[in-house]
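Colleague:
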Amino acid sequence: MAEPPTVISGETRLAGVIGWPARHSLSPTILNAAFRAVGADWVYLAFEVPDGGAAGAVAAMRTLGLGGLSVTMPHKAAVHDAVDERTPVAADLGAVNCVFRRGDRLVGDNTDGVGFVDALRADAGVEVAGKRTVVVGAGGAGRAVARALGIEGAVDVAVVNRTLAAAERAAGLAGPVGRVGTGADVAEAELVVNATPLGMGPASGSDPAPLPIDPALLGPGQVVVDLIYHPAETPLLAAARARGAAGVNGLGMLVHQAAHAFHRWTGETAPIDAMVAATRRELARRAHVDGSP
Ligand code: NAP
Numbered sequence: 000m001a002e003p004p005t006v007i008s009g010e011t012r013l014a015g016v017i018g019w020p021a022r023h024s025l026s027p028t029i030l031n032a033a034f035r036a037v038g039a040d041w042v043y044l045a046f047e048v049p050d051g052g053a054a055g056a057v058a059a060m061r062t063l064g065l066g067g068l069s070v071t072m073p074h075k076a077a078v079h080d081a082v083d084e085r086t087p088v089a090a091d092l093g094a095v096n097c098v099f100r101r102g103d104r105l106v107g108d109n110t111d112g113v114g115f116v117d118a119l120r121a122d123a124g125v126e127v128a129g130k131r132t133v134v135v136g137a138g139g140a141g142r143a144v145a146r147a148l149g150i151e152g153a154v155d156v157a158v159v160n161r162t163l164a165a166a167e168r169a170a171g172l173a174g175p176v177g178r179v180g181t182g183a184d185v186a187e188a189e190l191v192v193n194a195t196p197l198g199m200g201p202a203s204g205s206d207p208a209p210l211p212i213d214p215a216l217l218g219p220g221q222v223v224v225d226l227i228y229h230p231a232e233t234p235l236l237a238a239a240r241a242r243g244a245a246g247v248n249g250l251g252m253l254v255h256q257a258a259h260a261f262h263r264w265t266g267e268t269a270p271i272d273a274m275v276a277a278t279r280r281e282l283a284r285r286a287h288v289d290g291s292p
């Protein structure tokens with residue numbers, strides 16, 4: 000059924016994402032679909048804010064009375080420093096991906112980890128508690144996932160990363176169950192997460208895409224999550240499925256982290272199905288336009 004057009008009035012609330020670049024962000028698609036689905040009088044825009052502009056954007060949020068702000072690269076750390084308060088997860092990660100209002104205070108939150116856990120539950124029926132896990136990659140996403148796995152009761156969180164210091168930091172965020180691992184830990188894990196960009200975007204040339212994990216270590220009974228959502232089927236997910244493991248891509252995490260922002264801003268339960276459907280449509284439209292998978 001066609002959605003009614005958004006009618007913008009003096010009452011309409013504005014939310015948006017700041018990033019550089021921001022024009023290709025999927026957040027306007029996801030959040031506007033959510034607002035429409037519940038009939039919320041909100042609109043959501045993308046703002047291209049160059050590096051160094053985060054504090055100004057937070058000040059603008061305050062001055063203009065914006066209802067909510069999403070934050071993406073390269074501003075997550077600078078917004079962490081610019082807000083009035085931080086949730087415990089944002090403070091631990093030193094990174095904010097969502098700003099909401101508490102009275103006249105601006106609060107920085109980070110919904111990536113909880114979005115990951117929710118997506119795993121919704122898309123694969125998997126609970127983290129009691130699982131032996133491996134996280135490959137220790138950047139912003141790897142840190143958020145490692146921390147969430149520790150909080151949710153994983154019994155082992157082995158972080159494997161090209162740069163040792165980053166692996167140590169991410170493993171520390173997982174608490175006592177966190178440790179620096181090696182590729183060999185993948186064979187013993189029940190849940191394996193790729194948090195590197197290896198496998199992102201269209202394949203180029205005739206060379207096989209580099210894989211973040213040796214697929215020979217994967218097999219039945221394992222769940223492999225690739226945080227990448229474009230393409231929907233990464234070379235890692237294809238290899239995992241070929242060896243009998245279950246595969247989950249990053250689309251669910253993208254939607255569920257936005258769902259938590261939506262809830263923070265509006266107080267309403269996010270319409271997940273409408274958000275997923277809009278995101279899939281937009282990814283399909285982009286694939287049609289640029290010819291990539
Ligand atoms: P990031 O902060 O730049 O971290 C990238 C990580 O990947 C680092 O640990 C880096 O290792 C590693 N890496 C990069 N290139 C590599 C290579 N050629 N070989 C081995 N390791 C490599 O990026 P991020 O924000 O964490 O994002 C990581 C991935 O997650 C991206 O694909 C992103 O699209 C995806 N993501 C998805 C969602 C979602 O909602 N689905 C959310 C956030 C991110 P070093 O430490 O050695 O540099």
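Take the sequence shown: its position 204, counting from 1, is numbered 203 in numbering that gives the first Met the number 0, and each next residue is one higher. Backbone N, C-alpha and C fix where the C-beta goes; we use that ideal spot for every residue, glycine too. None of these values were measured; they are calculated from a predicted model.
#1: Is R60 a contact residue of the ligand NAP, with contact defined as CB to any heavy atom under 8 angstroms?
#2: With A45 as the anchor, note down where its beta strand (DSSP E) starts and where it stops.
#3: Ordered along the chain, which non-local residues of its own chain (more than five positions away) have a Cβ less than 8 angstroms from that of I271?
#4: Starting from D111, trace the alpha helix (DSSP H) both ways and give me its first and last residue.
#5: Using DSSP's beta-bridge definition, name the partner residues of A157.
#6: Can we say the region 140-158 touches the region 206-216, given the rule of at least three CB pairs closer than 8 angstroms?
#7: Give me, in chain order, the residues of the same chain whose beta-carbon lies closer than 7 angstroms to that of R242; leave out the 5 immediate sequence neighbours on both sides.
#8: Use the C-beta contact count for T268: other C-beta atoms within 10 angstroms, 16 or more gives buried, fewer gives exposed.
#9: So I17 is in the beta strand (DSSP E); what residue range does that whole segment cover?
#10: Any idea if I38 is buried or exposed, counting beta-carbon neighbours within 10 angstroms, 16 or more meaning buried?
#11: For chain D, find out if any of its Cβ atoms is closer than 9 angstroms to the Cβ of D103; answer yes or no.
#12: Hey, is Q256 close to the ligand NAP, as in C-beta under 8 angstroms from one of its heavy atoms?
#13: Who are F34's beta bridge partners in DSSP?
#14: Buried or exposed: which applies to T181, given that a residue is buried once 16 or more other Cβ atoms fall within 10 Å of its Cβ?
Modeller: Taking the coordinates as given:
#1: According to the sequence displayed, residue 60 carries Met and not Arg. No, Cβ of M60 sits at least 8 angstroms from all heavy atoms of the ligand NAP.
#2: Note, A45: beta strand (DSSP E), W41 to E47.
#3: Taken in chain order, the residues that qualify are A121, V254, H255 and A258.
#4: First-last of the alpha helix (DSSP H) with D111: D111 to A123.
#5: DSSP lists V133 and R178 as the beta-bridge partner residues of A157.
#6: A contact is defined here as three or more CB-CB pairs under 8 angstroms, and the region 140-158 fails this definition with respect to the region 206-216.
#7: Answer for R242: P214, L217 and G218, listed in chain order.
#8: The residue in question, T268, is exposed, as its Cβ has fewer than 16 Cβ neighbours within 10 Å.
#9: R12 to G18 is the span of the beta strand (DSSP E), which, as asked, contains I17.
#10: The residue you asked about is not Ile; residue 38 is Gly in the sequence shown. Counting C-beta atoms within 10 angstroms of its own C-beta, G38 has fewer than 16 neighbours from the protein chains shown and is therefore classed as exposed.
#11: Here chain D cannot be found, since the structure has a single protein chain.
#12: Indeed, a heavy atom of the ligand NAP lies less than 8 angstroms from the Cβ.
#13: Secondary-structure assignment with DSSP links F34 through no beta bridge to anything.
#14: Taking all protein chains in view, the Cβ of T181 is surrounded by fewer than 16 other Cβ atoms within 10 Å, so the residue is classified as exposed.
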